[in-house]
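Heads up: the structure comes next, in structure tokens.
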Amino acid sequence: MDLGIRGKKAIVCASSKGLGRGCAMALAEAGVDLVVNGRNAELVAKTAKEIRDRFAVKVTEIVGDVSKPDVQKAILAACPDPDILVNNNGGPPLRDFRELDRTKILEGVTQNMVTPIELIQAVIDGMARRGFGRIVNITSLSVYVPIPGLDLSSGARAGLTSFLAGVARTVIDRNVTINSLLPGKLDTDRLRGPHEAGTQEDPAAAAARKARISADVPAKRLGTPEEFGQICAFLCSVHAGYLTGQNIPVDGGLYVSAF
Numbered sequence: 145m146d147l148g149i150r151g152k153k154a155i156v157c158a159s160s161k162g163l164g165r166g167c168a169m170a171l172a173e174a175g176v177d178l179v180v181n182g183r184n185a186e187l188v189a190k191t192a193k194e195i196r197d198r199f200a201v202k203v204t205e206i207v208g209d210v211s212k213p214d215v216q217k218a219i220l221a222a223c224p225d226p227d228i229l230v231n232n233n234g235g236p237p238l239r240d241f242r243e244l245d246r247t248k249i250l251e252g253v254t255q256n257m258v259t260p261i262e263l264i265q266a267v268i269d270g271m272a273r274r275g276f277g278r279i280v281n282i283t284s285l286s287v288y289v290p291i292p293g294l295d296l297s298s299g300a301r302a303g304l305t306s307f308l309a310g311v312a313r314t315v316i317d318r319n320v321t322i323n324s325l326l327p328g329k330l331d332t333d334r335l336r337g338p339h340e341a342g343t344q345e346d347p348a349a350a351a352a353r354k355a356r357i358s359a360d361v362p363a364k365r366l367g368t369p370e371e372f373g374q375i376c377a378f379l380c381s382v383h384a385g386y387l388t389g390q391n392i393p394v395d396g397g398l399y400v401s402a403f
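Using my numbering, the first residue of the sequence shown is number 145, and each one after it goes up by one.
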């Protein structure tokens with residue numbers, strides 16, 4: 145399917161690896177020029193090179209934590225009038241809520257609620273003036289299915305969801321949409337657990353780990369960043385202009401609800 149976005153410009157936050165990378169790859173495949181971002185300069189450069197080599201689109205690299213104002217400023221300077229914004233950022237680590245002090249709570253809320261709101265504030269009016277905009281927020285299935293120990297992540301992302309529900313309805317008439325993707329169990333480093341960067345996992349151990357983690361998923365497998373990215377790209381397409389304010393689980397059927 146032609147997504148109708150060839151030549152558009154996109155900012156994809158935290159896109160050097162994992163789900164953000166999957167989204168960047170899918171958008172590049174559709175012909176979109178990109179700003180890619182991540183905290184590890186080597187990984188950002190590697191991802192950017194692969195995208196350029198495979199898809200021959202323009203890729204600008206911005207290294208740093210997207211929750212930092214100076215990094216946001218650099219991203220927006222590199223692409224001041226994006227057509228597409230994919231908000232993404234790592235969440236707080238698994239931690240009993242009793243261990244959270246005010247500083248940790250504010251850091252988590254800044255990473256997963258304040259930062260995407262700030263970026264949306266910066267780009268949404270320009271999108272509306274130009275008559276095209278697609279904003280996709282990568283949140284988490286824990287917005288719907290709370291996970292003990294990820295309370296801060298769940299709360300911040302749920303806050304973002306509620307905050308944007310009204311905002312989304314104010315710009316749809318100018319062809320700007322805001323939707324969220326809620327990943328469940330996808331095959332990323334986060335599910336692999338602590339390990340040295342760049343180390344290879346034993347294939348048999350990896351297969352056993354994935355089978356164990358996905359046992360309660362109706363699909364009986366983990367999702368991939370690539371298929372997640374393709375869903376994101378569709379939400380950014382010209383075909384999704386009548387879809388806004390929605391929260392779409394990408395979870396292999398793990399979240400059980402008829403509505």
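For each residue, glycine too, the CB sits at the ideal point set by N, CA and C.
Who are the near neighbours of residue i in its chain, counting only those whose CB is closer than 6 Å to its CB and skipping five residues on each side?
i	result
A174	L147, I149, A377
M257	A300, G303, L304
Q216	none
P393	L285, L326, Y399
K202	D177
Y288	Y399
I316	T388
A352	none
N319	G275, F276, G385
G270	D225
C223	K153, I155, V179
P236	G252, L296, S297
I282	L163, N232, L325
E370	G166
P213	none
Just to confirm my understanding: we take residue i, look at its own chain, exclude 5 residues before and 5 after, and list those with CB closer than 7 Å. What are they?
i	result
D209	R183, V215
K364	S358
K152	V176, D227, I228
N132	This structure does not reach residue 132, given that the chain is present from 145 up to 403, and the question cannot be answered.
L263	Q216, L229, N231
L244	L296
A309	G389
I375	L325, V394
G293	L238, R239, D240
A266	L220
T187	Contrary to the premise, residue 187 reads as Leu rather than Thr in this sequence. For L187, where only same-chain residues beyond five positions count, the Cβ hits under 7 Å are S160, K161.
In the DSSP assignment, what are the bridge partners of residue i?
i	result
L178	A154, V203
N256	The partner list for N256 (beta bridge, DSSP) is empty, contrary to what the question assumes.
G275	Looking at the DSSP assignment, G275 forms no beta bridge with any residue, so it has no partner.
N231	N281
G367	L330
I149	DSSP output for I149 lists no bridge partner at all.
N391	S324
Applying the 10 Å Cβ sphere with the 16-neighbour rule, what's the burial state of residue i?
i	result
L238	exposed
V400	exposed
M169	buried
T247	exposed
V382	exposed
R165	buried
G252	buried
L250	exposed
T343	exposed
T191	buried
K193	exposed
T321	buried
Is residue i near the ligand ATP, in the sense that its beta carbon is under 7 Å from a heavy atom of that ligand?
i	result
T247	Although the ligand ATP was asked about, the structure shown includes no ligands whatsoever.
If residue i and residue j are in contact, beta carbons under 8 Å, what's the gap, nearest whole angstrom?
i	j	result
G107	G396	Only positions 145 to 403 of the chain appear in this structure, which leaves residue 107 out of reach.
N231	C157	6 Å
R278	C380	4 Å
D331	K354	7 Å
E205	A221	Contact doesn't hold; Cβ gap of about 13 Å is too wide.
K329	V280	At roughly 20 Å, the Cβ-Cβ gap does not stay under 8 Å, so K329 and V280 are not in contact.
Does the beta carbon of residue i sit closer than 8 Å to a beta carbon anywhere in chain D?
i	result
Q255	Among the chains of the structure shown, chain D does not appear; only one protein chain is present.
Cutting at 8 Å between CB atoms, please list the residues of its own chain near residue i, excluding the five before and the five after it.
i	result
A172	L178, I195, R198, F199, V201, V203
F307	M257, I261
S298	S284, S286, V287, P290, I291
A312	T321, I322, N323, T388, G389
**OP:** Can you check the stretch 278-328 for any beta strand (DSSP E) of at least 3 residues that lies completely inside it and give the ranges in chain order?
**Re:** 320-327
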